[in-house]
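J.: Following this message is one structure expressed as structure tokens.
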Amino acid sequence: AERVAYFLTYPHVTKLDEVAARNLTFPAITICNLNEFRFSKITRNDMYHVGELLALLNERYEISNPQLAEPHVLAALRDKANFKNFKAKPFSMAEFYNRTGHDLADMLLQCSFRGTGCTARNFTVVSARRVGRGPTECPG
159 AERVAYFLTY
169 PHVTKLDEVA
179 ARNLTFPAIT
189 ICNLNEFRFS
199 KITRNDMYHV
209 GELLALLNER
219 YEISNPQLAE
229 PHVLAALRDK
239 ANFKNFKAKP
249 FSMAEFYNRT
259 GHDLADMLLQ
269 CSFRGTGCTA
279 RNFTVVSARR
289 VGRGPTECPG
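Residue numbering for the sequence shown follows the working numbering, starting at 159 and increasing by one per position.
So, in structure tokens, the structure goes:
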């Protein structure tokens, strides 16, 4: 219950390590986000398949701890957890990650490398879930 309440507060931490160097190729950049999924992108079908895994629903497909959610979040949860006359569709966890994960274009406010501007198109998104532990993976 406490973790759900914490998740719904959308906590975040920003950490930046910067080192100046004259000869540097474009570096690997890691953005860690403990809120892996954008709630706004979660569908009713997603909620049906992974709502319990995300601790949003209990084993009876009911909202877990509704008293902890803010009114607007609770309204969205109720809508997404309304399974009356609902017929589940096939579900792919990989597709879920790709569709509900955060979009760099929405997060990148400014970028420059060696005095040249860059955009989200200059980056290749690699999910740490797919590549395993490595030097650019988030903890957890």
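No residue lacks a Cβ here, since even glycine has one placed at the ideal position from N, Cα and C. Keep in mind it's a predicted model, so treat the numbers as computed, not measured.
What residue ranges within the region 210-255 form continuous alpha helix (DSSP H) runs of no fewer than 4 residues, ordered along the chain?
T.: 229-238
J.: Whose C-alpha, out of E160, F249, I189, K247, is nearest the C-alpha of V171?
T.: I189
J.: The alpha helix (DSSP H) spanning L262 covers which residue range?
T.: 262-265
J.: Is the region 266-275 touching the region 209-216, taking contact as three or more C-beta pairs under 8 Å?
T.: no
J.: Could you name the residues of the same chain whose beta carbon sits closer than 7 Å to that of E194, not counting the 5 residues immediately before and after it, in chain order?
T.: G259
J.: In the DSSP assignment, find the alpha helix (DSSP H) that holds E160 and state where it starts and stops.
T.: 160-165
J.: Apply the 10 Å Cβ neighbour rule to I187 and answer buried if 16 or more other Cβ atoms are within range, or exposed otherwise.
T.: exposed
J.: With 16 other CB atoms within 10 Å as the buried threshold, where does L182 fall?
T.: exposed
J.: Would F244 and L262 be called neighbours here (beta carbons separated by less than 8 Å)?
T.: no
J.: Rounded to whole angstroms, how far is the Cβ of E228 from the Cβ of L166, which I believe are closer than 8 Å?
T.: 7 Å
J.: Could you spell out where the alpha helix (DSSP H) holding V208 opens and where it closes?
T.: 202-208
J.: Can you tell me whether T274 is helix, strand or coil according to DSSP?
T.: strand
J.: Helix, strand or coil: how does DSSP classify N280 here?
T.: helix
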